[in-house]
Each structure stands twice: as C-alpha cells, then as structure tokens.
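Structure record follows, encoded as structure tokens.
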Amino acid sequence: MASTSDSSHDRSSDVPIEPTESESALETARRQLYHAASHLDIDPNIVERLKYPKKVHEVTIPIERDDGTVEVFTGYRAQHDSVRGPFKGGLRYHPDVTKDECVGLGMWMTWKCAVMDLPFGGAKGGITVNPKELSTGEKERLTRRFAQELRDIIGPNQDIPAPDMGTDPQTMTWLMDAYSMQEGETTPGVVTGKPPVIGGSHGREEAPGRSVAIIAQLVCEYYDRPLEETTVAVQGYGSVGANAARLLDDWGATVVAISDVNGAMYDPSGIDTATVPSHDEEPEAVTEYADTVISNDELLTLDVDMLIPAALGNVLTKENAEAIAAEFVVEGANGPTTSTADSILAERDIVVIPDILANAGGVTVSYFEWLQDINRRAWPLERVNDELEAEMRSAWCAVQTEYERRDVTWRDAAYIVALSRIAEAHEARGLWP
Ligand code: NAD
C-alpha cells in the first residue's frame, strides 16, 4: 500500500537562521538553505520551493517472519529536488527512520550532488526497522517487497537508491534483482553500491574515505602545510575512517590516533594504519592492537593538526568545541558538527571542511557506477580513482572561489556553490520541475 504526499505544508515549520544545539536533519537542511540564500541574489520563490520535498512516498511492507507470522513495516522515499537530474540518495534500515528525517537527508543529498556538480537531485529513504533483529531471509523478503512498492518511482532515469545505514551491497543486489524481474530486463542502473560482479563500480566502497583523504591533502596544500608535517586523529575506523587514515598515512601524514566504538589507539610517533584491521576486516578491534588506549572524547580534543570525525553525527558539540585543539577539521561522517559547535569553531578560526564536500566521494563514484551501468562498460580501478580525484579537485576549486570571494566559512562556501547551481537550473527551467 502506498500513499504519496505532495508539497503542501504548514509554513510554521520554518526554522530560524540561527542554529540550535539539537535540531533535526530537516531543520538543519532548511537552515543551511536559508543561510546560503542570504549570501546570494536568488529568486525567493526558488528558495521557497526548495524548502519542501517534491514528493514523499510512504509505503507499508508486510513480510512473513521466519516463524510464520506476518509483520508490517513502514518505508519511505523522500524525493527532494530533481532539477539537475534523477533523484539520488541512500536507503536506510534503522529503527529511528522517520518521514521527516528522510526529507532532511534528501535535501542534504541535493546539496551534496550539486556541490560535486553531478547530474543528480537529492532523495533519501528507508524502512523503520532494526535490521539486526531480522534473519538474512527476512531482510531479503523485506527488500524485495520494498522494491515492488517503489517500482513506479525508482529507475535509472528517475530515482537511484544506494546503501546507507543498515543496508549494504547485498541489499542493493536484492533491490536491483527484484526491480529487474518486475521490469522484465536486467537494469543495473536502478541502484548503486552493488557488487562489481553485477554492475557495481570498482573503488565504490573505498570512495568516501578516499575523497576525505583527497580533501585533507588539498587543505594542506591550500594552507601551505606539508602533509609530511601534519598529524592526524581519525574517529571511526570503518569504511570512511580506515580508508581515509590509510591513504593519508601512505601519502606521508602522521596518523597519531584512530578509534572505534570501544575507544582510541594513540601513538604520538605515528600508527602503522595498515596493521590495524578496519571495521570491515575485524569489527571493533582497534583497541586490541593498541599499546596506549584513550577515550573517543580524548581523541577529539587531541593536540593534532587535523581532526577527521568519521564515525557518527553530532560529536563536535557546544560541550567540546572550545576544547578542540586541531587547526583543521575535515568531516568524514555526515553531520559530525552541531550548529552551535560550528559557530564556536568558526569564531576560534578553526577550519572546518563540510561533509557535503569531504565525503562526497561515495556519491561521486555512485555516479561513475551509474555511467558504467547505462553504458554497459566497466572502468578499471585506476580510472575510477583518477576521475574521482579530478572531480574532488574541481569541486574544491569551486568552493575555494566562493570562500575567497565572499569571506565566509568553508561550509557556507560549499552551500553557496550548491545552491547557486540549483537555483540557476530552476531559473532556466522554471518553477515546474
Ligand atoms: P562503518 O560502519 O564502516 O564504520 C563506523 C566506525 O565508527 C566503526 O569503526 C565503529 O566502531 C565506529 N563507531 C561507532 N560508534 C562509535 C562511537 N560511539 N564512537 C566512536 N566510534 C564509533 O561506517 P562508515 O560507512 O565508515 O560511516 C561512518 C560515517 O560516515 C557515517 O556518519 C556515515 O553516514 C558517513 N558516510 C558514509 C559513507 C559510506 O558510503 N560508507 C558515505 C558518506 C558518509
């Protein structure tokens, strides 16, 4: 069963431009929209349009549990804006998934795709479910049924889901297979983040961490700091954190701290990151390899040159922002800095490079995957990495231009780049799309 809401909304849900410490993803996304708009001469009607998703699809998903009972879950797909191309964004399986969260995260995807100049709009979706409580068979049934419910609104030219929290390449494989069976033709381009054997891209898994490392390197170049003289602390040693830490280590930086949920390994003389297993290789094992263990809170306030929060959202807060000692923060996780902390860090002249730029390697290689799928031609890893670096450099240059021209923070500069591109496309096409 599906229901679809349009964009009629209560405007009293507007949020002020001034940040609050605990705001929802939707409030944050809207505040960032207003903030960027305040620096630009944009038709206010376009800003008004962008405050709302184009459509939010809500579906119920009944599945038969292994014990024979039927349970019904709720799923969403929030499609924010498609003026620059098909909707693009992840599908999340998590107990906290709500419609509003999908809308807010979908808006973030619009900004992220635009700052990278990818021909996509933004979307996000998910199912309110704890995937850890489902067997593999139950997850497969849930995903295939969700694919059926979403069938009419997704597709390589309409809306292209990807993995997010609680979903992975296997989930995307079931989704792609279910969609293809319903369409009567193999359609790899309907999702990204698939295994390479069915049309996934080489380098996709590593891409968000690689883009964080590339941006960290560009930050050092910009501020005339040799990477070889840069100390780095990385929170989270998963897909984003471990890949970023290992690349920076390879390129000459000194990674002095890495962490997982159990705590942090600290070695001021530098960690050989290749010898510590990532979350994927051996979950939550970082501290077992450490001589010196410190807490995650201590890691965040270490006296290092660069801090890379790459685990969770909202870890840099008004409580610890005054104690952050790093000169540069490169956001690996989505939303690691609360709005209040962001203001404090800005006042303290700490450079914060926003998530929508730094970890955008994931959606960028998803774009490459989509290109490979619709062209039916796989790229070698070297090409993926070369093109990713070119896209990251190009986005960095665009953001740098606004940073210098407008004397704003790097975060504001990134949003200004994104919003200008979206607004130009809306101005060219009109209010209709
Ligand atoms: P992951 O599951 O691969 O790894 C997460 C890591 O964080 C693990 O090492 C885990 O132990 C650690 N962690 C969990 N809770 C922690 C805590 N309380 N304190 C310290 N460490 C903790 O996840 P990931 O894919 O690397 O994602 C990390 C962040 O990056 C998330 O915010 C995610 O939304 C964001 N992100 C991921 C991608 C992607 O494609 N993987 C893309 C862009 C952004």
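Note that the working numbering has the sequence shown beginning at 90, numbered continuously upward. Don't be surprised by glycine CBs; every beta carbon is placed ideally from N, CA and C. Please read these numbers as outputs of a predicted model, since none were measured by experiment.
Buried or exposed by the 16-neighbour rule on C-beta atoms within 10 Å, applied to residue i
{"i": "CYS191", "result": "buried"}
{"i": "LEU388", "result": "buried"}
{"i": "TYR504", "result": "buried"}
{"i": "TYR312", "result": "exposed"}
{"i": "ASP266", "result": "buried"}
{"i": "ASP103", "result": "Residue placement at ASP103 is flagged as unreliable, the pLDDT there being 48, under the threshold of 50; the coordinate-derived value follows with that caveat. Under this definition ASP103 is an exposed residue."}
{"i": "THR281", "result": "buried"}
{"i": "ASP475", "result": "exposed"}
{"i": "SER290", "result": "buried"}
{"i": "ARG466", "result": "exposed"}
{"i": "THR225", "result": "exposed"}
{"i": "GLU370", "result": "exposed"}
{"i": "PRO142", "result": "buried"}
{"i": "ALA412", "result": "exposed"}
{"i": "THR260", "result": "buried"}
{"i": "LYS140", "result": "buried"}
{"i": "GLY214", "result": "buried"}
{"i": "ASP462", "result": "buried"}
{"i": "ASN219", "result": "exposed"}
{"i": "PRO250", "result": "buried"}
{"i": "ARG119", "result": "buried"}
{"i": "THR117", "result": "buried"}
Within 7 Å, strictly: CB atoms of residue i and residue j
{"i": "TRP263", "j": "GLU229", "result": "yes"}
{"i": "PRO425", "j": "PRO398", "result": "yes"}
{"i": "ILE131", "j": "ALA512", "result": "yes"}
{"i": "ALA430", "j": "ARG173", "result": "no"}
{"i": "PRO277", "j": "GLY288", "result": "yes"}
{"i": "GLY421", "j": "VAL321", "result": "no"}
{"i": "MET254", "j": "THR453", "result": "no"}
{"i": "ALA379", "j": "MET395", "result": "no"}
{"i": "VAL329", "j": "PRO297", "result": "yes"}
{"i": "ALA346", "j": "LEU391", "result": "yes"}
{"i": "VAL279", "j": "GLY244", "result": "yes"}
{"i": "VAL506", "j": "GLU491", "result": "yes"}
{"i": "THR319", "j": "TYR355", "result": "no"}
{"i": "GLY341", "j": "GLU317", "result": "yes"}
{"i": "LEU231", "j": "ILE304", "result": "no"}
{"i": "LEU180", "j": "TYR456", "result": "no"}
{"i": "LEU470", "j": "GLY450", "result": "no"}
{"i": "VAL375", "j": "VAL365", "result": "yes"}
{"i": "VAL418", "j": "VAL393", "result": "no"}
{"i": "TYR182", "j": "ILE216", "result": "yes"}
{"i": "GLU295", "j": "ASN332", "result": "yes"}
{"i": "ALA125", "j": "GLY193", "result": "no"}
Per DSSP, cross-strand counterpart(s) of residue i
{"i": "ALA264", "result": "Here the sequence assigns Leu to residue 264, which means Ala is not the residue at that position. Per DSSP, none; premise fails for LEU264."}
{"i": "ILE523", "result": "One cannot answer for residue 523 here, as it falls past the ends of the chain, which runs 90 to 522."}
{"i": "GLN247", "result": "None; GLN247 has no bridge partner."}
{"i": "ARG166", "result": "HIS146 and GLY214"}
{"i": "GLY181", "result": "First, the amino acid is wrong: residue 181 is Arg here, not Gly. DSSP, once it has assigned bridges, lists GLY215 as partnering ARG181."}
{"i": "PHE176", "result": "GLY210 and ASP248"}
{"i": "ASP369", "result": "DSSP output for ASP369 lists no bridge partner at all."}
{"i": "ILE397", "result": "VAL323"}
{"i": "SER348", "result": "ALA353"}
{"i": "LEU405", "result": "THR426"}
{"i": "GLU153", "result": "VAL159"}
{"i": "VAL382", "result": "MET354"}
{"i": "THR343", "result": "THR320"}
Own chain, CB closer than 6 Å to residue i, minus 5 neighbours either side, in chain order
{"i": "SER171", "result": "GLY210"}
{"i": "GLY524", "result": "Only positions 90 to 522 of the chain appear in the structure, and residue 524 is not among them; the question remains open."}
{"i": "GLY327", "result": "HIS368"}
{"i": "SER92", "result": "Any answer about SER92 is weak, because its pLDDT of 47 lies below 50 and its placement is not dependable; what the coordinates show is given next. Excluding residues within five positions, the ones whose Cβ falls inside 6 Å are GLU147."}
{"i": "ILE445", "result": "TRP200, LYS201, VAL204 and ALA503"}
{"i": "GLN121", "result": "TYR504"}
{"i": "MET90", "result": "For MET90, the predicted model reports a pLDDT of 44, less than 50, meaning its position is unreliable; a value from the coordinates is still stated below. Excluding sequence neighbours, MET90 sits near THR149."}
{"i": "ALA410", "result": "ALA430, ILE433 and LEU434"}
{"i": "PHE162", "result": "ILE150, ILE216 and VAL218"}
Close-in-space but distant-in-sequence residues of the same chain around residue i (CB under 8 Å, 5 per side omitted)
{"i": "LYS188", "result": "VAL145, GLU147, TYR165 and ALA167"}
{"i": "ASP361", "result": "ASP338"}
{"i": "SER384", "result": "GLY352 and ALA353"}
{"i": "GLU516", "result": "ASP132 and ILE135"}
{"i": "ARG494", "result": "none"}
{"i": "HIS128", "result": "ARG495, VAL497, ASP501 and ILE505"}
{"i": "ARG482", "result": "ILE303 and LEU307"}
Own chain partners of residue i with C-beta closer than 7 Å, once the 5 adjacent residues on each side are dropped
{"i": "ALA212", "result": "ARG166, ALA167, GLN168, HIS169, PHE176, LYS177, GLY178, GLY195, MET198 and ASP248"}
{"i": "ARG335", "result": "THR362 and ALA363"}
{"i": "ASP155", "result": "SER224, GLY226 and GLU227"}
{"i": "VAL404", "result": "GLN324, LEU389, PRO398 and PRO425"}
Within-7 Å CB hit, residue i to chain C
{"i": "CYS309", "result": "The displayed structure is made up of one protein chain only, and chain C is not part of it."}
Contact test: residue i Cβ vs the ligand PLP heavy atom, cutoff 6 Å
{"i": "HIS183", "result": "Only the ligand NAD can be found as ligands here, which leaves the ligand PLP out of the picture."}
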